[in-house]
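Colleague:
Residue numbers (our numbering), protein chains in the order written: chain G, 6 to 474; chain L, 6 to 474.
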């Protein structure tokens, strides 16, 4: 097994802002066929709200559907902020040279067939790296699934989206397309996103560059990254150490096994590295390591919607006995403790209904008798000085408004986080509840274990922050 | 902490068939208020296809909406197969006595407030146990969320369903309502169910009885149970040992921590027991232990739709490099191996497109260029003698028919399982694809790690079966 990673020195801080907010874009690729990459790219730009100018480049035709096609980048009469290249790999170095020549400083190469493919591809990638070194041109990719900006609606992707990405403060990044703009139903689920970036082969812009950019990005409050290999460990972890004082970083690191490391090498040319070394380095840098792809996608939202808990004492409102037990198991395993409610709180709960006393407080019996007293129960538990955070279980057959109203009316401290687990027989209602509660900044999970692990991650980050204070 | 479990001798095999297929039902409970338990119960019976006779019992009124209400069970003029009791706990022993007197042999007690509540409730439960001993009456509950029969459409539950439960061969059971008929969108997701049963406090029918019943139930092919405590360990594990020769049993056992065990004691009066003892006993009995609530709900379906793999060699069709890496990590961790494709298979894949060779086979680039060659790729990989099972990644933006057609047209061995991971930007499309593929007996997962763990469980069960052959 040959190490196919291509080393480059990469220590200067880059300005990635034009990638995420270009005033003008040139698309170089195939445009005629509705399935073609260039066509799909331009559809996404137009469909999701890009307001800037788009130029199309292809030497094979002069016009498609009444739109002028330029034969080369050099023939575009105006200045261009960003070039997006989606042409066969062998043509890419010349295109990048043309970009440099006309003063385009930022290029996204979506084409594949580079270092991840074979020696020929590796040579092409080296050729591009040499151009960047000589010209200072900035490149995302090659072999990237694109980027997105939730603030402006910019979506650079060759695959269709289900719905418009929502503006928010979560930044997602991945190395090989698994978290692209089209990889997850952000819009349908109420996920508010600031930036999405897929690094691809990282011939120039890498994870450290993005981290530095996101650290300064006022729209981003939490950073979630899928990372297969890290190009410059020292730089990355030094940067992360600074960033985690202000913003939480969640990382999912696949490549835990020998088998996956071998495969990984062949698809982005990255080295997976030793898992234990990574684990220690993540910990030292204050990075929260998550253990599955779903956790990476799901845990970030709670950081973006809710305050950090001041401690680890968890209150639980459950509907079924088993729900409570499952929640406690996971809570204890991720460093949380079951809050001991004060006498006064238990008295309050008893007055509402005798079955509600204790933690978990079981609202199940009352859920079958009209409108359950969520407002009063949430109020009683969250105001208890022995409670730092609250998991509230909700039935999908009751309308989302009921919960939103309860939360709006309840007099509760603003500095204690609340997370929902939704549960029940209707998928449509479940999705509706997720959507509406998240639009009101209440994170909802359909998986109870992930809901609890989210509190675990928030508590962990609270301790990391405290360490630096 | 007092052990509130109530011991009973319980060694005779019971006939639970009338619980799941009663020709006539009496509902004893409140009926007037639309939120009342009795009303909700009868709505579920009528809405989801119960064809038998329903009698209503309540001494407070003679008629509701033109339907006759009987003052007592004794005043019902015809024989009744099953009584469902949802009245205050203190009234239940007398009602059970009445049932015994008129010859009703099967009673479901949905009321709570028994051994899980306090000493008074414990005494009521003991009183009921004494009646069962004296009369031989069979009881599910008290404190049960009900049962369901996917074959007949019978739903005994006091909470609304989203849609009709689908007929299928998965049996689900839980101890405290977490897997009731209304606890999961079975119908919306294409889950085919044979029986659902929530044990509650297990004053009479327990997990061993249900296991014996499901072992003989021709509609049930896989059994998934959430179990908090086991009443008679020897009987349960002896039964399980026999059952697992024919049908897989998946168990999720909460109560792993001291904190959750304490709570557990208070809500069904069960002892959680030592986790390591359980773990060994599960293993010896050939039971597959799963590690989360979601895994319990999701893994069973693959057993019901697909054949068992003959070995552990996994083929992977991926769309993104990262998807492949994540799949391999989880696969290796749960005892699977990455299949080494034969030269011949790689030649076939190369002919379709050079980027498809190897395992994982990456169809991502082709997914952006019209209709990707799923038929040919699935055919090439599944026909390789080095491959035992196949994970196929699909995009949610391509229609479900494309995959169904590919699978229908592909000439592939019938004895190798195939599982899908669906991925992409539209929640609606994702749900639609899950629904349609599962209606065609192809299990679909929106969580890649659970998809792979499912193969791990199937491989584990194949070895368990082989042990007994």
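C-beta: ideal position from N, C-alpha, C; glycine also.
Got a sec: is the Cβ-Cβ distance from residue 283 (chain G) to anything in chain L below 9 Å?
Modeller: By this cut-off, residue 283 (chain G) is not an interface position.
Colleague: Mind listing which residues of the region 450-462 of chain G have their C-beta closer than 9 Å to chain L's C-betas, in chain order?
Modeller: If the cut-off is 9 Å between Cβ atoms, the region 450-462 of chain G has 451, 452, 453, 454, 455 near chain L.
Colleague: Classify residue 14 (chain G) as buried or exposed, calling it buried when 16 or more other Cβ atoms lie within 10 Å of its own Cβ.
Modeller: Interpretation of residue 14 (chain G) is limited by its pLDDT of 46, a score under 50 that renders its predicted location unreliable; no figure is taken from the coordinates.
Colleague: In terms of residue numbering, what span does the beta strand (DSSP E) encompassing residue 294 (chain L) cover?
Modeller: Taken as a continuous stretch (DSSP letters only), the beta strand (DSSP E) holding residue 294 (chain L) covers 293-295.
Colleague: If the cut is a Cβ gap below 9 Å, which residues of chain C does residue 53 (chain G) touch?
Modeller: Here the protein chains are G and L, and chain C is not one of them.
Colleague: What alpha helix (DSSP H) runs, 4 residues minimum, are completely inside the region 145-208 of chain L?
Modeller: 191-194, all fully within the region 145-208 of chain L.
Colleague: Check the Cβ of residue 426 (chain L) against every Cβ in chain G and list those closer than 8 Å, keeping chain order.
Modeller: None at all; the shortest Cβ gap to chain G is about 10 Å.
Colleague: Check the Cβ of residue 154 (chain L) against every Cβ in chain G and list those closer than 9 Å, keeping chain order.
Modeller: In chain order: nothing, as chain G lies at least about 16 Å away.
Colleague: When burial is assigned at 16 or more other CB atoms within 10 Å of the CB, is residue 208 (chain G) buried or exposed?
Modeller: So residue 208 (chain G) ends up on the buried side.
Colleague: Count the other C-beta atoms from every protein chain shown that fall within 10 angstroms of the C-beta of residue 390 (chain L), then say buried if there are 16 or more, exposed otherwise.
Modeller: Residue 390 (chain L) comes out exposed.
Colleague: Name, please, each residue of chain G whose Cβ falls closer than 9 Å to the Cβ of residue 486 (chain L).
Modeller: Any property of residue 486 (chain L) remains undetermined from this structure, which presents chain L solely from 6 to 474.
Colleague: For the beta strand (DSSP E) that residue 85 (chain L) lies in, which residues bound it at each end?
Modeller: Where residue 85 (chain L) is concerned, there is no enclosing beta strand (DSSP E), given that its DSSP letter is neither H nor E.
Colleague: One question on the structure: do residue 328 (chain L) and residue 450 (chain L) come within less than 9 Å of each other, judged by their Cβ atoms?
Modeller: Not closer than 9 Å, so no.
Colleague: My output table needs one value for residue 403 (chain L): the three-state DSSP class, helix, strand or coil.
Modeller: If DSSP states are grouped into helix, strand and coil, residue 403 (chain L) belongs with coil.
Colleague: What's the call for residue 416 (chain L), buried or exposed, on a 16-neighbour Cβ count within 10 Å?
Modeller: Exposed, by the Cβ-count rule.
Colleague: Any beta carbon of chain L sitting closer than 9 Å to that of residue 347 (chain G)?
Modeller: Taking Cβ atoms only, chain L never reaches closer than 9 Å to residue 347 (chain G), which makes this a no.
Colleague: For residue 312 (chain L) and residue 393 (chain L), I'd like the C-alpha separation in whole angstroms.
Modeller: Each residue's Cα considered, the two are about 11 Å apart.
Colleague: Please list, in chain order, the residues of the region 124-154 of chain G that have any C-beta partner in chain L closer than 9 Å.
Modeller: Residues 148, 150.
Colleague: Name, going along the chain, the residues of the region 308-321 of chain L whose beta-carbon falls closer than 7 Å to a beta-carbon of chain G.
Modeller: Answer set for the region 308-321 of chain L: empty.
Colleague: Taking C-beta pairs closer than 9 Å, name the residues in chain G that residue 189 (chain L) reaches, listed in chain order.
Modeller: The contacting residues are 428, 429, 430.
Colleague: Look at the Cβ atom of residue 430 (chain G), then the Cβ atom of residue 401 (chain L), and state whether they are nearer than 9 Å.
Modeller: No, they are not a contact pair.
Colleague: Excluding five sequence neighbours on each side, which residues of the same chain lie with their C-beta closer than 7 Å to the C-beta of residue 172 (chain G)?
Modeller: Cβ within range, chain order: 155, 156, 197.
Colleague: Can you give me the C-alpha to C-alpha distance between residue 269 (chain G) and residue 334 (chain L), rounded to a whole angstrom?
Modeller: So the alpha carbons of these two residues sit roughly 11 Å apart.
Colleague: Looking at C-alpha atoms only, which residue of L:365, L:219, L:284 is the closest neighbour of residue 505 (chain L)?
Modeller: Limits of chain L in this structure are 6 at one end and 474 at the other, which puts residue 505 (chain L) out of reach.
Colleague: What does residue 40 (chain G) pair with, by DSSP beta-bridge criteria?
Modeller: Per DSSP, none; premise fails for residue 40 (chain G).
Colleague: Just to confirm my understanding: we take residue 53 (chain L), look at its own chain, exclude 5 residues before and 5 after, and list those with CB closer than 6 Å. What are they?
Modeller: Taken in chain order, the residues that qualify are 158, 160, 169.
Colleague: First and last residue of the beta strand (DSSP E) that includes residue 66 (chain G)?
Modeller: Taken as a continuous stretch (DSSP letters only), residue 66 (chain G) belongs to no beta strand (DSSP E), as it is neither H nor E.
Colleague: Counting only beta-carbon atoms, is residue 207 (chain L) nearer than 9 Å to chain G?
Modeller: It does not; no Cβ of chain G falls within 9 Å.
Colleague: Verify whether the separation of the beta carbon atoms of residue 29 (chain L) and residue 75 (chain L) is less than 9 Å.
Modeller: Not a contact, by the Cβ cut-off of 9 Å.
Colleague: Determine the burial state of residue 283 (chain G): buried for a count of at least 16 other Cβ atoms within 10 Å of its Cβ, exposed for fewer.
Modeller: Its Cβ being crowded by 16 or more others within 10 Å, residue 283 (chain G) is buried.
Colleague: Quick one: does residue 261 (chain L) have its CB under 9 Å from some CB of chain G?
Modeller: It does; some Cβ of chain G falls within 9 Å.
Colleague: Would you say residue 437 (chain G) lies against chain L (beta-carbon separation less than 9 Å)?
Modeller: No - not a single Cβ of chain L is within 9 Å of the one on residue 437 (chain G).
Colleague: According to DSSP, is residue 455 (chain L) part of a helix, a strand, or is it coil?
Modeller: Of the three classes helix, strand and coil, the one that applies to residue 455 (chain L) here is helix, per DSSP.
Colleague: Per DSSP, which one or two residues make a beta bridge with residue 60 (chain L)?
Modeller: Partner(s): L:31.
Colleague: Between the region 134-149 of chain L and the region 30-50 of chain L, are three or more C-beta pairs nearer than 8 Å?
Modeller: Contact between the region 134-149 of chain L and the region 30-50 of chain L is absent, because fewer than three Cβ pairs lie under 8 Å.
Colleague: For residue 168 (chain G), which residues in chain L fall below 8 Å Cβ to Cβ?
Modeller: Those within 8 Å of residue 168 (chain G) in chain L are 430, 431.
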